[in-house]
Structure formats: structure tokens, C-alpha cells
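Numbering (our numbering), first residue to last: 13 to 500. Working notes for the structure below.
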Ligand code: CA
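Below, the structure is given as C-alpha cells:
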């Protein structure tokens, strides 16, 4: 949904008790009232156990319906509860996006014997053993599902690699051998070839696999009625397969929304991927996330004028899903690059108050994160920014990226929303920037909508104001005492 606001509705450690779908259903009215209108749900398919976030995916056709991997439900609840959540959310006006994990499968039903070679973990193109027989966990027959929805049985021919040999107990990266078999092309070239990530890596060149995954997509959309997909682990999957899969998922519904995760701090790599997949897939703006991360780490030494440099939102604004943090960047995760608390209001201001990008709010920021990695919720500031966006972030955008420690921009408003806003952020001391909000506002008084600065700013006869921001903070100045018409 363009011009919408998405929430990533989960974090790594939340809600293993099976009550998540029910809990989220109860939150829907509240989330809609603060301005969220799209939900990225956690991976819905049965994974290795009820504590699995969903990325250790076992059975694509088990959405919490069959007694597999220790329970009928997934980490989040049953299929019935999932379908109820989706239908209820859509009735209330939300778009719902499913997290789709197609790179690998985990928790096979039985091991199989096949020929493989070990490759170097640092360079997967370098073979470091002779071919030999291993026992790899590649057999999936889902006996508890008993062929319902699909009778496809997975075997080692449907995979490119595994990381464990049951014969010897050895852990390594094993490339599966066979006629025409090799690592996927069109993947990240990190480690030589980054096809292999974890578990049993799916071979998307195998025609039976392609057919099965396309058929699964048809089934999944029909069952769940979701409005779109969030595609996981794109840099480990053949890019043409993902392009074709996306086209297939959109074949009967043009507005089916697809975005994906290509995890690379280098914006050029993400941009290159977008080009390779012929702009079929919107992409999470990982480069922007890393800019936020560095800005927070480097404090006043970071040049705020570079905050959007090399980001997708700068290069390809229509493709960018902007976010501050997610389940991978949160503390103690493999890709941990958590944006420190002090910078969170600035980062959320940067994705919510500017013109470009489809902003995604992270569950762990809005609700906080419990357990050992306690992170306080940021409901207050996120809600204020959302309201500010809804009321004042419209129309032409003029940047005033003045100094390395203080930047600002103005949104001039549009016909329907005639009130401008002037946003400033500082990563050091108090700052001031003279910005133009419109001659028609001469002699008007502006106040900081976010409440971080208590002074008032008088607009001069030419329509400029000397706007202020306190140190290490963000302010968004709007006309004082504006009474907005209540929207329905
Ligand atoms: Ca792969």
C-alpha cells in the first residue's frame, strides 16, 4: 500500500505461548487509530518447534493445522486464529503481508545418503574434500499432513547443500552433487557464492521445485487472502526465480504488494538487485538502517548531511521500504546493528516526516523488547510522529542540510493539507536553521509539535522562521494552535 504505514508485528523474543494471533487481533483497533494500515506478520508456516520465530521453516502447507514438530500450532497460534486475524484486520482496513521463507527447509523427517563435497566456509567455490557419501537431512514427507494440499515429497535432489553429515557427525558446508547440480547463480557473491545460508538449501533451478513453490503460492493466497508478501533472505536465492515467483504471485491481482529483504549495508548492491529483478520487488532500505546505526554510534562525529547517502530511498524512492530496526538487527541477533535509543526519535522522524519511502515501524521499538535484552517501548514518540505525519507531512519537500551536526527540511503542505511543517535534528548541541514555510504564514507563530522545544518561533514577513532544535534531539515545527478538521 503506497502512502501507507506498515508495522513489522513481531520481534525475536516475543510471544512463544501461542497466543500471539489472538493478542494482535485485540490490538488492531489501537494500531489503526495511531495510523498503522499495513501489517507484516511473522512467518506463518510450521517451523522446527513452537519457539522457532518461523525462519527455521519445516512445512509450507502447515499454518498451524497439523500435529507436527511438537504441536498443532506454530509459535504464534493456530491456522484458524491466523485466518481470523487476517480477515478481521482486512475488515478494519489493514493490508496484511505474509513473511515468505523460500531459501531453505529445516527439521527433515529422515536423512538420505547422497554424494557431496565439502566447500570452504569462506569461499564456497573452493572444494576442500573429495566427493563422498554423506547422510544429510533432506527427506520431507510430512506424514502427519498425509498429502493434504500437496503430495510433494522433498528429497536431496531438491536441495543444493546441507551443513551436517549424520554418518560422521561432521558439521561443514556440503555441496550436494548430481547431474547439473551446483550452487545457485544470481545470488550474493559474498563468500564466493552465498547460495548456502542454513539448513537444507532449496535448489530453485529444479523444475519440480519451481512448480511446487508456484503452486504453494496459489494455495497460500487462496487460503489466507493476504495482500502481499515479504520475501526473506533474497541474497541467497536465484534472482530470476524470485522475479518470476513475484510475477506469478501477482498474475491475477496486480496490486499484490511484494517487498523483500536483501541484507547488504552497501546500497549499490541492493540497487543492483532491484535492477536484476526488473523492479518487481520493493526492498527494505538496509543501507538507510546502517546509516542510522552509524549515526547513533558515532554521535556528534557523524555528518548528518550524509544520513540518506547511498540509501535506496535516495536512489529509488518508489522501491524503498524504510525502517529503523528489525528482528535481525535487534540486540543479540546474528546481524545485530541496533540503533541506539537516543537516535531512535531522529531515525523515526527521518522515515516518517519525509516524502519518500514506505515506512515500517518495528514491533520491538513500539512495544519494547522484554527478557534479557530489555528495550523500553517508544510508543509516545512514535505515536507523536505518526500524528505529525498524518497532519503535517505533505507536499513539496525542501532540504536545509546546513551543518554536519544539524539538518532540517520543510514540507510545504498541499491543497488538502495546507499546513507546512519544519523538521530539524541535531546530533550535538542546540541548533538553528532559517527555513521558508510560506509567505502566507508571515507573523504566524510556530511551536514544536513533538514538544522537545518549548519556545515559539515567529515567522518573518518573507515567510521564513529561525527554527530551533535542542542538542541530540528532533523538533517538528507547525503553526501554533492549528485546529485540524477531524478525519473520519
Ligand atoms: Ca540458497
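Cβ atoms here follow ideal geometry from the backbone N, Cα and C, with glycine treated the same way. Bear in mind the structure is a predicted one, so any value in this text is a computation, not a measurement.
At a cut-off of 3 residues, the continuous stretches assigned as beta strand (DSSP E) that sit fully inside the stretch 332-386 are 332-335, 370-374. The beta-carbon separation of residue 113 and residue 55, rounded to 5 Å, stays under the 8 Å limit for a contact. Under DSSP, residue 107 takes part in a beta bridge, and its partners are 50. Assigned with DSSP and collapsed to three states, residue 459 falls in strand. Under the DSSP assignment, residue 86 falls outside any alpha helix (DSSP H); it carries neither an H nor an E label.
Cβ atoms of residue 294 and residue 333 come within 8 Å of each other, at about 6 Å. Here DSSP, grouped into helix, strand and coil, assigns residue 256 to helix. For residue 293, the shortest separation between its Cβ and any heavy atom of ligand 1 does not lie below 7 Å. Residue pairing for residue 476: DSSP places it in a beta bridge opposite 448.
Note that the C-beta distance between residue 16 and residue 370 is below 8 Å. Around the Cβ of residue 465, a 10 Å sphere holds 16 or more other Cβ atoms; the residue is buried. Annotation: the continuous alpha helix (DSSP H) that includes residue 279 extends over 279-288. Under DSSP, the beta-bridge partners assigned to residue 166 are 152. Under DSSP, residue 241 shares a beta bridge with 110, 270. By the CB criterion at 8 Å, residue 357 and residue 486 fall inside the cutoff. Counting other Cβ atoms within 10 Å of its Cβ, residue 446 stays below 16 and is therefore classed as exposed. Within the stretch 207-233, the complete beta strand (DSSP E) runs of at least 3 residues fall at 212-214.
In the structure shown, residue 414 falls within a strand segment according to DSSP collapsed to helix, strand and coil. A straight line joining the alpha-carbon of residue 297 with that of residue 281 spans about 11 Å. Here DSSP, grouped into helix, strand and coil, assigns residue 295 to strand. Under DSSP, residue 470 takes part in a beta bridge, and its partners are 457.
In the structure shown, the three-state DSSP call for residue 128 is strand.
The beta carbon of residue 261 lies closer than 8 Å to those of 229, 233, 241, 268, 270 in the same chain, with the five residues before and after it left out. Assigned with DSSP and collapsed to three states, residue 42 falls in helix. Contact between residue 169 and residue 216 is absent: CB atoms are separated by about 13 Å, not below the 8 Å threshold.
For residue 398, the enclosing alpha helix (DSSP H) stretches over residues 391-404. For residue 209, the CB falls within less than 7 Å of some heavy atom of ligand 1. In the three-state reduction of the DSSP assignment, residue 251 falls in the helix class. A heavy atom of ligand 1 is found nearer than 7 Å to the CB of residue 213. Partner residues in the beta bridge of residue 436, as assigned by DSSP, are 420, 487.
Inter-residue distance for residue 337 and residue 257 is about 27 Å (C-alpha atoms, whole angstroms). Cβ-Cβ distances below 6 Å link residue 61 to 81, 82 in the same chain, with the five nearest sequence neighbours on each side left out; the list follows chain order. Ranked by Cα distance from residue 126, the options 99, 193, 67, 161 are led by 193.
Secondary structure at residue 307: helix, using DSSP grouped into helix, strand and coil.
The beta-carbon separation of residue 186 and residue 149, rounded to 11 Å, does not stay under the 8 Å limit for a contact. Put simply, the stretch 307-320 does not touch the stretch 442-458. Fewer than three CB pairs are less than 8 Å apart.
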